[in-house]
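Chemist: Below: one structure in structure tokens.
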Amino acid sequence: MTALNDGWFTEVFQDQGTAFSLQVKQKLHEEQTPFQKLEIYETETFGNLMVLDGCVMLTSRDNFLYHEMMTHPALFTHKDPKKVVIVGGGDCGTLKEVLKHPGVEEAWQVEIDERVTRMSEKYFPELCESNGDPRANFFFGDGIQWMRDIEPGSVDIIIIDSTDPVGPAEGLFALDFYRDAMLALREGGIIVQQSESPLLHTDTIIRDIHEDMKKAGFDHIQTLPFPQPVYPTGWWSCTMASKENPVRYFREEDVNDRPFVTRYYNAGIHHGALAMPQFMVDALEDVVVPGEG
């Protein structure tokens, strides 16, 4: 549930008994797309705010935390990623981070709602500055079907940059989708799934992701927590899994010598994110193979 009262946008989480508010200057845009209600606000302190079906998606101020953690750990864990597919990610922030890697030869953004991308181009242009890169490719349609139809063994990294697992995004958290992703990945391929709040969802969504990825054939799985102030609890995560190789090891020297700028991600952050809190270890220890991550 959301409310806009006295210049404040508030997202209310009834099941948690909590709420999150941002003071807004004005509403910049509102429309009902074929898939969801899309709103853009200008806030007092967090820049522009995108809201989908009443849920905060991103702000100008803190989106770099999410986008950097959804991309760089995986790209520096894979030995030599050439082709990356992003399912979702209509705001283009994940695509921008992927294309910072000069070794990437081809990146696809597969987004069901083109209006999200068009409004991001207008209101979050800093996230879309790589959209004209010749390596960038866009497909607006069903990511589940797209993954089912892709040539087997043709992708190095799949990033599932989706909304919460309800509505159109629900199928992106399903066993069948992970099986299709497994087939699409080359040897040494990696999948990354946004996996909600460790504090709220370790025993439910995150555990289900681990179980379904294991069933799909991913033997090496690791959830990486990171801060995300505008999401529920201010603490979020992504879950990374590999077909063959442990995901606890990464090209640290390449991280230190990276030829691009990051605002959050570095080698120390990567090491720290691999250290899950004990309550997560306890909740997932009978799913993750000990010592393999």
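So the number in my numbering is just where the residue sits in the sequence shown, counting from 1, plus 28.
C-beta atoms are modelled at their ideal positions from N, C-alpha and C, and glycine is treated no differently.
None of the values given here were measured: they were computed from a predicted structure.
#1: Tell me where the beta strand (DSSP E) around Phe254 begins and ends.
#2: Suppose you measure from the CA of Asp119 to the CA of Gln306; what does that come to, to the nearest Å?
#3: Thinking C-beta only, is Gly121 closer than 9 Å to Phe166?
#4: Would DSSP call Lys128 helix, strand or coil?
#5: Report all residues from its chain with a CB closer than 8 Å to the CB of Val132; omit the five preceding and five following residues, and keep chain order.
#6: Where does Thr61 fall in DSSP's three states?
#7: How far does the alpha helix (DSSP H) with Ser148 in it extend, from its first residue to its last?
#8: Out of Glu70, Asn33, Met97, point me to the one whose CA is closest to Phe268's CA.
#9: Check for me: the beta strand (DSSP E) holding Gly116 runs from which residue to which?
#10: Which value, in whole angstroms, describes the spacing of the CA atoms of Val322 and Leu302?
#11: Spatial neighbours of Glu320 within its chain, please: CB distance less than 6 Å, with the 5 preceding and 5 following residues excluded, ordered by chain position.
#12: For Val317, count the other beta carbons within 10 Å of its own beta carbon; 16 or more makes it buried, fewer makes it exposed. Which is it?
#13: Considering only DSSP beta bridges, list what Asp189 is partnered with.
#14: Could you tell me which of Ile218, Ser225, Met241 sits nearest to Arg276, measuring between CA atoms?
#15: Helix or strand or just coil, what does DSSP make of Leu302?
#16: Assuming Gly262 is part of the alpha helix (DSSP H), what are its boundary residues?
#17: Cβ of His49 within 9 Å of Cβ of Glu39?
Modeler: Let me lay it out:
#1: Residue numbering aside, residue 254 sits at position 226 when the sequence shown is read from its first letter. Unbroken beta strand (DSSP E) run through Phe254: 248–255.
#2: Within the sequence shown, numbered from 1, the residue matching residue 119 stands at position 91. Within the sequence shown, numbered from 1, the residue matching residue 306 stands at position 278. Spanning the two alpha carbons is a distance of roughly 33 Å.
#3: To locate residue 166, count along the sequence shown from 1; it is residue 138. To locate residue 121, count along the sequence shown from 1; it is residue 93. For Phe166 and Gly121, no; Cβs fall outside 9 Å.
#4: Against the sequence shown, residue 128 aligns to sequence position 100. Note: Lys128 maps to coil in three-state DSSP.
#5: As a position in the sequence shown, residue 132 is number 104, starting the count at 1. Once the five neighbours on either side are set aside, the close Cβ partners of Val132 are Leu103, Pro109, Lys110, Lys111, Val112, Val126, Arg163.
#6: Stepping through the sequence shown from its first residue, residue 61 is reached at position 33. It is coil, neither helix nor strand.
#7: Counted from its first residue, the sequence shown places residue 148 at position 120. Unbroken alpha helix (DSSP H) run through Ser148: 142–151.
#8: The residue you call residue 268 lines up with position 240 of the sequence shown. It is worth fixing the name first, because residue 268 is Met in this sequence and not Phe. Of the candidates Glu70, Asn33, Met97, the one whose C-alpha sits nearest the C-alpha of Met268 is Met97.
#9: Counting from one through the sequence shown, the residue named residue 116 turns up at place 88. Residues 111–116.
#10: Here the chain has residues from 29 to 321 only, and residue 322 is not among them.
#11: The sequence position of residue 320 within the sequence shown is 292, counting from 1. Since pLDDT at Glu320 reaches only 45, below the 50 mark, its modelled position is unreliable, and no value is offered.
#12: In the sequence shown, residue 317 corresponds to position 289, counting from 1. Residue placement at Val317 is flagged as unreliable, the pLDDT there being 45, under the threshold of 50; the coordinate-derived value follows with that caveat. With fewer than 16 other Cβ atoms within 10 Å, it is exposed.
#13: Counting from 1 along the sequence shown, the entry for residue 189 is found at position 161. BP columns for Asp189 point to Gly116.
#14: Sequence index remark: in the sequence shown, residue 276 carries index 248 (1-based). Here the closest residue by C-alpha is Ile218.
#15: Position 274 of the sequence shown, counting from 1, holds the residue named residue 302. The answer is coil: DSSP assigns Leu302 none of H, G, I, E or B.
#16: Walking along the sequence shown from the start, residue 262 turns up at place 234. Element bounds for Gly262: n/a, residue is neither H nor E.
#17: Residue mapping note: residue 49 aligns to position 21 of the sequence shown, counting from 1. Residue mapping note: residue 39 aligns to position 11 of the sequence shown, counting from 1. Per the sequence presented here, residue 49 reads as Ser, with His not at that position. Yes, the Cβ-Cβ distance between Ser49 and Glu39 is below 9 Å.
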